[in-house]
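In this text, residue positions in the sequence shown follow my numbering: the first is 269, and each later residue adds one. We put the CB at the ideal spot given by N, CA and C, even for glycine. Nothing here was measured: the structure is a model prediction, and the numbers come from that model. One structure below.
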Amino acid sequence: MTPMSSKPVSAQVLDAAIAWQLSLDGGASAVEREEFAKWHAAHEEHARAWRQLGMLDQRFGVATGPARNALLQSREGLRRRVRKLGRGVASVVLFGALALFAGERYLPMDYWLADQRTATGEQRTLRLADGTVINLNTHSALDVRFDEKQRRIVLQEGEILIETGHNDSRPFIVETRDGRMRALGTRFLVKREDQGTRLGCCNRRWRRGRKPVRTSTCSRKASKC
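Encoded structure:
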C-alpha cells in the first residue's frame, strides 16, 4: 500500500498549496489564515500537498533573502502562477531553499509545476482537444501550450509517446531543454536523458531544431511507453 504522504498530488492542488505557502510566509491576515484552514480541511489531497511541502521545507531548511530574489528572477513562470491564484508574494521559503541547496538536482521545480506529471511507477494516457494522445511513462512531466498558431508540448522530465491528431493544420512541436522538434509524422517517442534528448521515430518524418538529438526507431517495447 502506498503511504498517504507519497501519493501523487495534482498540479492544480500543488499550485494552490504553493500559493498558500507564499501567502502565509509573507504575513497573512487572520481572515486569510481562516481561509487557509478551510482550504486545508476541504479535501484530503489538500492536506497531503501541504504535508509534502512541509517535508521539503524541513529537508532543505530556510532560504536566505538573496536566494529568494534569485529564484524569483529566474522563475517567471512561478510568479505568473502565483499571481493567477491571487496570492501576494512576500518570500519563497520552500523553493528558495531548493534552488540554494539542491540546485534542482533532487527535485526539479519544473517537474512539480508541470501541467501534467506522473509519479514513480505511475503511467498515464492524456487525450487532448485536437485528438492527440500522449502516453506518459513513469516519473514524467509536461506542459501543454496550445494556441491559435501552434500545438506545443514542453517535456520537462521523463518519457512520452505521442500520436498526433490528424485533423488540425497547426504545427505540432515538442520542446525540451535541448531544443524543439516539429512532428511531420504522427507517432513518435521523446525521452529526456542526462546526456540530451532521445527521439524514437515510429514514423520517420520529423524535423529538429537547435541542438542535435539522439534518434532511434520505436521498438515494440518502446511503443508501449
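According to DSSP, is Val277 part of a helix, a strand, or is it coil?
It is coil, neither helix nor strand.
For the alpha helix (DSSP H) containing Lys306, list its first residue and its last residue.
For Lys306, the enclosing alpha helix (DSSP H) covers residues Ala298 to Ala310.
Can you round the beta-carbon distance between His314 and Val281 to whole angstroms, since I take them to be within the 8 Å contact cut?
About 6 Å separates the two Cβ atoms, so the contact holds.
Tell me which residues share the same chain as Arg460 and place their Cβ nearer than 7 Å to its Cβ, disregarding the 5 neighbours each side in the sequence.
The residues are Leu423, Glu425, Gly426 and Thr444.
Minimum C-alpha distance to Ile286 - residue among Arg395, Gly322 and Arg438
Across the set Arg395, Gly322 and Arg438, the C-alpha of Gly322 shows the shortest separation from the C-alpha of Ile286.
Just to confirm the assignment, what range does the beta strand (DSSP E) spanning Lys459 have?
First-last of the beta strand (DSSP E) with Lys459: Arg455 to Glu461.
Buried or exposed, going by whether 16 or more other CB atoms sit within 10 Å of the CB of Asp283?
Result: buried.
Taking 8 Å as the threshold (C-beta atoms), are Val458 and Leu467 in contact?
Yes; because the gap between Cβ atoms is below 8 Å, this pair is in contact.
Once the 5 residues before and after Val418 are set aside, which same chain residues still bring their CB inside 8 Å of it?
Reading off the sequence shown, one finds Gln at residue 418, where the question assumed Val. Arg438, Pro439, Phe440 and Ile441.
Exposed or buried, which one is Thr465 when buried takes at least 16 other CB atoms within 10 Å?
Thr465 should be labelled buried.
Rounded to the nearest angstrom, how far is the Cβ of Ala409 from that of Arg385, given a contact under 8 Å?
A Cβ-Cβ separation of about 4 Å places Ala409 in contact with Arg385 under the 8 Å criterion.
According to DSSP, is Leu410 helix, strand or coil?
Strand.
Whole angstroms are fine: how far does the CA of Phe304 sit from the CA of Ser297?
Taking the Cα positions, Ser297 is about 11 Å away from Phe304.
On a CA-only basis, which of Thr406, Gln289, His311 and Leu396 is nearest Glu431? Give me that one, please.
Closest option to Glu431, Cα to Cα, is Leu396.
CB contact flag (Gly399, Gly433, <8 Å)
Contact flag set, yes.
Run of the beta strand (DSSP E) containing Thr400, from where it starts to where it stops
DSSP places Thr400 in no beta strand (DSSP E); its state is neither H nor E.
Quick one: grab the DSSP three-state call for Ala387.
In this structure, Ala387 counts as coil in the three-state DSSP scheme.
What whole-angstrom Cβ distance do Ala387 and His407 have, given they're in contact under 8 Å?
Rounded, the Cβ-Cβ distance is 7 Å, consistent with contact.
Beta-carbon proximity list for Val401, same chain, < 6 Å, skipping 5 on both sides:
Sequence-distant Cβ neighbours of Val401 in its own chain, meaning closer than 6 Å and more than five residues away, are Arg395 and Glu431.
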